Amino acid sequence: MGTDRSTSERKFTGTFTPTLVDRGNKKNEKDVLPATGKLQVVITLAVTMSASVVEGYPGGAPVSACAEMFPNHLMSHDNDSLPDERYSSQNISSAPYVITAATQSNGKVKVSLRVTDGYWEGFFLQARLQGTTTPVGMWEGLPANTQTRNCPGGNKNAVTHTSEAKVSTLDATWTPPSTPANMTVVFRGTFVKEFEDFWVGLESDPLSVNAYVSAGVPLGSLTTVVLGTALLATFACMI
Numbered sequence: 005m006g007t008d009r010s011t012s013e014r015k016f017t018g019t020f021t022p023t024l025v026d027r028g029n030k031k032n033e034k035d036v037l038p039a040t041g042k043l044q045v046v047i048t049l050a051v052t053m054s055a056s057v058v059e060g061y062p063g064g065a066p067v068s069a070c071a072e073m074f075p076n077h078l079m080s081h082d083n084d085s086l087p088d089e090r091y092s093s094q095n096i097s098s099a100p101y102v103i104t105a106a107t108q109s110n111g112k113v114k115v116s117l118r119v120t121d122g123y124w125e126g127f128f129l130q131a132r133l134q135g136t137t138t139p140v141g142m143w144e145g146l147p148a149n150t151q152t153r154n155c156p157g158g159n160k161n162a163v164t165h166t167s168e169a170k171v172s173t174l175d176a177t178w179t180p181p182s183t184p185a186n187m188t189v190v191f192r193g194t195f196v197k198e199f200e201d202f203w204v205g206l207e208s209d210p211l212s213v214n215a216y217v218s219a220g221v222p223l224g225s226l227t228t229v230v231l232g233t234a235l236l237a238t239f240a241c242m243i
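Counting from 1, position 229 in the sequence shown corresponds to residue 233 in my numbering; the numbering is continuous, with no gaps.
Shown next, in the form of structure tokens:
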């Protein structure tokens with residue numbers, strides 16, 4: 005949110021003195037210890053410790069994450085018979101991030117991501133019709149270290165990171181879809197600060213927008229223009 009698997013080894017040495025066993029004063033060469041009375045044994049033990057399986061995506065969230073928007077960050081066990089566990093999302097009420105959105109005069113929407121503390125290293129952002137789970141619209145005007153994703157049913161309908169650079173602010177432009185004519189959308193995001201510290205499901209306040217037509221004019225504005233032209237033509241015929 006590349007796979008990185010790592011192990012570490014630790015070596016140590018120990019010295020111990022064996023306990024002598026009294027065998028009834030029997031003289032047996034096999035029981036005779038060296039004159040020092042001590043046998044020093046050096047033990048080298050290599051311990052291989054499994055680190056957590058780092059199965060994240062430093063190059064951006066994959067299309068497979070479009071629905072849940074959940075990072076595939078797994079924690080392995082030393083016991084191979086146990087399945088890997090997925091880290092849990094932090095409570096969104098504690099998230100140090102804010103998503104805001106504002107409609108521009110051309111009908112497109114400026115979306116801003118901000119931090120209240122710290123930074124993020126990874127993110128995944130979508131616009132969704134309120135109450136649905138499908139991303140809509142199209143993203144453009146992206147800053148450096150960001151890229152679009154083609155989630156099912158759309159084109160360039162999600163945004164994610166391209167590196168693990170620490171970021172504290174981001175602005176992007178979102179274009180509404182051509183239908184429905186009027187809609188209420190929310191901008192939903194996932195933020196990753198560290199491998200095990202991430203927040204899923206942060207949302208902006210709901211925003212009411214008009215559909216956007218290919219000519220680059222919001223559908224609401226186009227309706228007004230067409231209606232105005234029709235009224236003008238009617239008035240001309242009455243003269």
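Beta carbons are placed, not taken as given, at the ideal position from N, Cα and C, and that holds for glycine.
No experiment lies behind these values; they were computed from the predicted model shown.
Between H81 and the rest of its own chain, which residues show a CB-CB distance below 7 Å, the 5 nearest in sequence each way excluded? What you label residue 81 is simply residue 77 of the sequence shown in a count that begins at 1. Low local confidence applies: a pLDDT of 44 at H81 is under 50, so the model's placement there is unreliable, with the coordinate-based value given in what follows. Around H81: no qualifying Cβ.
Going straight from the alpha carbon of L146 to that of L174, what length do you get? The count along the sequence shown starts at 1 and reaches residue 146 at position 142. The count along the sequence shown starts at 1 and reaches residue 174 at position 170. Distance between the alpha carbons of L146 and L174 is about 9 Å.
Pop quiz: F195 and F127 are said to be a contact at Cβ under 8 Å. What is the actual Cβ separation, rounded to whole angstroms? In the sequence shown, residue 195 corresponds to position 191, counting from 1. In the sequence shown, residue 127 corresponds to position 123, counting from 1. That pair is a contact at about 5 Å.
Consult DSSP for E89 and reduce its assignment to one of helix, strand or coil. For the purposes of this step, residue 89 is taken as the residue at position 85 of the sequence shown. Residue placement at E89 cannot be trusted, given a pLDDT of 46 that sits under 50; the coordinates are not used to answer.
Look up M65 in the DSSP assignment and say whether it is helix, strand or coil. By 1-based counting over the sequence shown, the position of residue 65 is 61. In the sequence as displayed, the identity of residue 65 is Ala instead of Met. Here A65 sits in coil by DSSP.
Can you tell which of Y123, E144, G157 has its C-alpha closest to the C-alpha of T138? Within the sequence shown, residue 138 is the residue found at index 134, counting from 1. The candidate whose alpha carbon is nearest that of T138 is G157.
Buried or exposed (CB count within 10 angstroms, at least 16 for buried), N161: Taking the first residue of the sequence shown as position 1, residue 161 is located at position 157. N161 should be labelled buried.
Applying the criterion that 16 or more other CB atoms from any shown protein chain within 10 Å of the CB defines a buried residue, is Q108 buried or exposed? The residue given as residue 108 occupies position 104 in the sequence shown. That one is exposed.
Can you tell which of V119, R118, A185, V163 has its C-alpha closest to the C-alpha of G64? Residue numbering aside, residue 64 sits at position 60 when the sequence shown is read from its first letter. Here the closest residue by C-alpha is V163.
Leaving out five residues on either side along the sequence, give the residues of the same chain with a beta carbon under 7 Å from the beta carbon of A131. The residue given as residue 131 occupies position 127 in the sequence shown. Taken in chain order, the residues that qualify are P139, V140, G141, W178, V189, F191.
Around the C-beta of K197, are 16 or more other C-beta atoms found within 10 angstroms, so that it is buried, or is it exposed? On the sequence shown, position 193 is the one that residue 197 refers to. When all chains shown are included, K197 counts as buried.
Please state whether the Cβ-Cβ distance between M73 and V171 is less than 8 Å. As a working note, residue 73 is residue 69 in the sequence shown. As a working note, residue 171 is residue 167 in the sequence shown. No. Outside cutoff.
If you draw a straight line from the C-alpha of E200 to the C-alpha of P66, how long is it? In the sequence shown, residue 200 corresponds to position 196, counting from 1. In the sequence shown, residue 66 corresponds to position 62, counting from 1. So the alpha carbons of these two residues sit roughly 18 Å apart.
For Q94 and P75, what's the separation of their Cα atoms in angstroms? Looking up residue 94 in the sequence shown gives position 90. Looking up residue 75 in the sequence shown gives position 71. When rounded, the distance between both Cα atoms is 12 Å.
Start and end residues, beta strand (DSSP E) containing W124: Numbered from 1 along the sequence shown, position 120 holds the residue referred to as residue 124. From DSSP, W124 is part of no beta strand (DSSP E); its letter is neither H nor E.
Classify H77 as helix, strand or coil using the three-state DSSP reduction. Residue 77 sits at position 73 when you count from the first residue of the sequence shown. Note that H77 scores 42 on pLDDT, short of 50, meaning its location in the model is unreliable; the coordinates nonetheless yield the value given after this. In this structure, H77 counts as coil in the three-state DSSP scheme.
Outcome for E207 when other beta-carbon atoms lying within 10 angstroms are tallied against a minimum of 16: Within the sequence shown, residue 207 is the residue found at index 203, counting from 1. That one is exposed.
Can you name the residues that DSSP bridges to S212? For the purposes of this step, residue 212 is taken as the residue at position 208 of the sequence shown. S212 is bridged to T188.
Any idea what DSSP makes of S109, helix, strand or coil? In the sequence shown, residue 109 corresponds to position 105, counting from 1. Coil at S109, not helix or strand.
Considering Cα atoms alone, identify which of V102, K114, H165, L211 is closest to D121. Locating residue 121 in the sequence shown gives position 117, where the first residue counts as 1. Minimum Cα distance to D121 is reached at V102.
If we count the other Cβ atoms within 10 Å of its Cβ and call it buried at 16 or more, is P184 buried or exposed? Working through the sequence shown from its first residue, we reach residue 184 at position 180. P184 is exposed by the Cβ-count criterion.
By alpha-carbon positions, which one of Y216, A69, P180, N154 ends up nearest to L133? Along the sequence shown, read from residue 1 onward, the residue named residue 133 stands at position 129. Nearest C-alpha to L133: P180.
State the DSSP-derived secondary structure class of S116, mapped to helix, strand or coil. If you number the sequence shown from 1, residue 116 lands on position 112. In this structure, S116 counts as strand in the three-state DSSP scheme.
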